[in-house]
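Reviewing the structure listed below.
Protein chains in written order, with this note's numbering: chain A, 1 to 312; chain B, 1001 to 1070.
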């Protein structure tokens, strides 16, 4: 993947520094021109820790100037995410309370729109947007693993092993999505559609990286995971139904039907054996688990509102 | 998956209000006598009777619980 197109003065400056390797001028980097400019810059800085860009030297992954810009953007972003978070549940019966918290969250349903009324063009746009995450699905959670105690680490691995196809590359979830894209006549190239995704998609991806890459936010990362899994099976069934209604190829449908079954397992693991075990070890992490969970639900709502508005 | 059951790491887990989790390889016989081989490190077997992909869980129990009178 090549570096994305800039969306404002900060991304222009940072992306140019990344390509040229001259990062000294970042000491006087301009302020972000918009939320989109900030989020694209942060996304590009995080991408350095995934598979990176063909037009950026690998040595720049840990460049102090770039890390400094990232740190400033992360601080602003985390502050905003915490400011958006409402009052969260008090400690109690964790698994029961957590499932109730997710069930009682009422947000707009993009999946229901895809199932019943979306046009083929809308669904293709949805798939292009989702490709940014699904082509590196679950990688953000893998970052958390070394930061955990032995029991929680083993529990996360049990889930991640399934995400990565149980060792079979043909069953790896990111690969299933790539197969679906290719069969649908879309590009399965990693990051291919970054220039057209709205700020909500950049944010959603950045939240995952923020939680995954900061050890102190490990509980937020696992809470995000639990809410993500607990809101997946039913929407995936609806999306699969919409894809079938519109005549999308079997490979694309298969990605979503696989998630109906897999995520019914994963939600139990993420809530009980992962977050439940983490909390039993360290009750002080309760609020961060819910902070991550709420952020997952909120990010989903923000994207749904954006797209349902755009398609109305 | 080479899982050894033992204290603190059971290979059959009853989730309150949810499915039964099975760790490792199992063959599950459904109500009609058909056999289903597990394919994941952990599988979830439907207990509420409402799943559309039986014998596996699809999360339907969460919707059933919300209906009044249940």
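Glycine residues also receive a C-beta, built at the ideal position from the N, C-alpha and C atoms.
Item                                                                                                                                   : Value
Cβ neighbours of residue 39 of chain A in the same chain (closer than 7 Å, five flanking residues each side left out)                  : 199, 202, 203, 206
Per-residue burial, residue 235 of chain A [other beta carbons within 10 Å of its own, 16 or more giving buried]                       : buried
Member of A/27, A/308, A/301 whose CA lies at the smallest distance from the CA of residue 105 of chain A                              : A/301
Residue 256 of chain A at chain B interface by Cβ criterion, 8 Å                                                                       : no
Segment contact, 8 Å Cβ cut-off, at least three pairs: the segment 257 to 265 of chain A with the segment 221 to 240 of chain A        : yes
Three-state secondary structure (DSSP) of residue 1029 of chain B                                                                      : strand
Whole-number beta carbon distance between residue 180 of chain A and residue 254 of chain A, since they are thought to touch under 8 Å : 7 Å
Closer than 8 Å to chain B by CB, residue 223 of chain A                                                                               : no
Of the residues B/1013, B/1034, B/1029, B/1009, the one placed nearest residue 1044 of chain B, counting alpha carbons only            : B/1013
Interface partners of residue 1010 of chain B on chain A, CB under 8 Å                                                                 : Those within 8 Å of residue 1010 of chain B in chain A number zero; the least Cβ separation is about 10 Å.
Backbone secondary structure at residue 1044 of chain B - three-state DSSP                                                             : strand
Chain B contact residues for residue 161 of chain A, given Cβ-Cβ distances below 7 Å                                                   : 1041
Contact list for the segment 109 to 120 of chain A against chain B, Cβ threshold 8 Å                                                   : none
Min CB distance residue 228 of chain A to chain B below 8 Å                                                                            : no
Complete alpha helix (DSSP H) runs within the segment 121 to 174 of chain A (minimum length 4 residues, chain order)                   : 139 to 142, 150 to 163
Per-residue contacts from residue 268 of chain A into chain B (C-beta, under 9 Å)                                                      : 1013, 1015, 1018, 1019, 1021, 1042, 1044, 1057
Residue 119 of chain A, buried or exposed, once every other Cβ within 10 Å from all chains shown has been counted against 16           : exposed
Burial state of residue 114 of chain A (16 or more Cβ within 10 Å)                                                                     : buried
Separation of residue 270 of chain A from residue 1026 of chain B, as counted between CA atoms                                         : 22 Å
Cβ-based neighbour list, residue 318 of chain A, same chain, cut-off 6 Å, excluding 5 preceding and 5 following                        : Examination of residue 318 of chain A is not possible in this model, given that chain A is present from 1 through 312 alone.
Distance between residue 1011 of chain B and residue 61 of chain A (C-alpha atoms, nearest Å)                                          : 42 Å
Candidates A/311, A/304, A/145: closest to residue 108 of chain A by CA position                                                       : A/304
Proximity test, Cβ basis, 8 Å: residue 185 of chain A and chain B                                                                      : no
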